[in-house]
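To start, the structure itself, in structure tokens.
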Amino acid sequence: MFNIPIHSFYLMLLVIVLLISGSVISYRLQQRHPEKDYTELRQRVQSWWMMIGILFAALLFNQTLAVAFFGLISFLALKEFLSIVPTRQNDRRVIFWAYLAIPLQYYWVGSGWYGMFIIFIPIYIFLLLPVRMVLLGETRGFIHSAGILHWATMLTVYCISHIAYLLMLPVQNEAAGYIGPVLFLLFMTQFNDVCQYIWGKMLGRHKIIPKVSPNKTWEGFLGGVVSITLISGFIGPLLTPLLWWESFIAGMLISVSGFFGDVVISSVKRDLRIKDTGRLIPGHGGILDRMDSLMFTAPLFFHFLFYSHY
Numbered sequence: 005m006f007n008i009p010i011h012s013f014y015l016m017l018l019v020i021v022l023l024i025s026g027s028v029i030s031y032r033l034q035q036r037h038p039e040k041d042y043t044e045l046r047q048r049v050q051s052w053w054m055m056i057g058i059l060f061a062a063l064l065f066n067q068t069l070a071v072a073f074f075g076l077i078s079f080l081a082l083k084e085f086l087s088i089v090p091t092r093q094n095d096r097r098v099i100f101w102a103y104l105a106i107p108l109q110y111y112w113v114g115s116g117w118y119g120m121f122i123i124f125i126p127i128y129i130f131l132l133l134p135v136r137m138v139l140l141g142e143t144r145g146f147i148h149s150a151g152i153l154h155w156a157t158m159l160t161v162y163c164i165s166h167i168a169y170l171l172m173l174p175v176q177n178e179a180a181g182y183i184g185p186v187l188f189l190l191f192m193t194q195f196n197d198v199c200q201y202i203w204g205k206m207l208g209r210h211k212i213i214p215k216v217s218p219n220k221t222w223e224g225f226l227g228g229v230v231s232i233t234l235i236s237g238f239i240g241p242l243l244t245p246l247l248w249w250e251s252f253i254a255g256m257l258i259s260v261s262g263f264f265g266d267v268v269i270s271s272v273k274r275d276l277r278i279k280d281t282g283r284l285i286p287g288h289g290g291i292l293d294r295m296d297s298l299m300f301t302a303p304l305f306f307h308f309l310f311y312s313h314y
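Under my numbering, the first residue of the sequence shown carries the number 5, and numbering increases by one thereafter.
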């Protein structure tokens, strides 16, 4: 049904194999230890199947649907962010303009208008939101609200839209197609979380920022950086226009920035005294719980790739 570029097909097949393995492991654990509650593990695996299925379908159908899909992700992320962070009653009129930035930003993406895509939110929306707040005539809490709305729009709309714009870049690796760079970014970002978790469990002794994320250790962080850097060096040339040494750099960039994206959203949750940002994804929490690393890795990887090869 779909004409999938060969290298992208192999990576997608690898992801499916990993999901099948996770499903088998989850089933076997429940069978061997019926006295233990593996509900969260089962929900996580089931949610991964759902998320990967929707993602693959959107990416393979066509570029327009894929761009719209990431626009929906931005909408859900912004909605979730504004639902957990307190805002003023009057800010509802301003929030409308933040939401309006989503279709406009993704229109620039879909039309391939790089110049407007890159400046629309950090310039025009950045200036528009406080002007609209001024017109409300309420000064109490002005700085607090402006900071929340600016940061929320930048993280959930601007940063995530960089994933969508990867789809619009001219194809330079025919074996990967237009979806190759997106698959590379998504796979390496998520695999980075897994690697840092595993290395932390195996060797973790020295905590990095215990007040923010007590389970994050230097051993886990460095183990993840080394693992993702090496793996990216092999996978990068297969899915992107990057050379092997550029892929090493991209892997290191993704690993380090993914770590900081994770702990930044952890800081938000600790400040708000909540465990998860939402309940949209069973076993995972909210959309921000799954997009935290990507909100940092996406723009950094995009610009590294863009200025290296476009």
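Backbone N, C-alpha and C define an ideal beta-carbon position, used for all residues, glycine too.
* **Through-space distance from L292 to D266, alpha-carbon basis** => 10 Å
* Asked: Hey, M256 and S236: beta-carbon distance below 9 Å or not?
  -> yes
* To do: Compute the Euclidean distance between the alpha carbons of M295 and E142, then round it to the nearest angstrom.
  => 33 Å
* **Three-state secondary structure (DSSP) of M5** => Model confidence at M5 stands at a pLDDT of 48, short of 50, so the residue's coordinates are unreliable; what they give is reported in the following sentence. Coil, per DSSP.
* Return the Cβ separation of P134 and A156 in integer angstroms, given the expectation that the two are a contact with Cβ distance under 8 Å. => 14 Å between Cβ atoms; not a contact.
* Have a look at H313 and T233 and give me their C-alpha separation to the nearest angstrom. => 20 Å
* Asked: Roughly how many whole angstroms lie between the Cα atoms of F252 and M137?
  -> 45 Å
* **F13 to L22 span [Cα, whole Å]** => 14 Å
* Asked: In angstroms, rounded to a whole number, what distance separates the CA positions of L189 and K40?
  -> 35 Å
* Taking all protein chains shown into account, do 16 or more other C-beta atoms lie within 10 angstroms of the C-beta of M16, making it buried, or fewer, making it exposed? -> buried
* Cβ-based burial, M5 [other Cβ within 10 Å; buried from 16] -> Since pLDDT at M5 reaches only 48, below the 50 mark, its modelled position is unreliable, and no value is offered.
* Contact check, L304 vs S261 under 8 Å by CB: the rounded distance? -> 5 Å
* Return the residue from the list Y118, F85 and V113 that minimises the CA-CA distance to Y103. => F85
* Asked: Where P174 and W112 are concerned, what is the direct C-alpha to C-alpha distance, given to the nearest angstrom?
  -> 16 Å
* Quick one: Cα of F79 to Cα of I56, how far? -> 19 Å
* Sub-9 Å separation of K205 and G228 beta-carbons -> no
* Asked: Residues bridged to T221 by DSSP?
  -> K211
* Across which residues does DSSP place G289 in a beta bridge pair? -> I285
* **Same chain, Cβ closer than 6 Å to L140, neighbours up to 5 away in sequence not counted** => N94
* Uninterrupted alpha helix (DSSP H) stretches inside the region 244-278 (no shorter than 4 residues) -> 248-276
* How about L132 and L63: are their beta carbons less than 9 Å apart? -> no
* In chain order, which continuous runs of the alpha helix (DSSP H) of length 4 or greater are located wholly inside the region 172-211? -> 184-207
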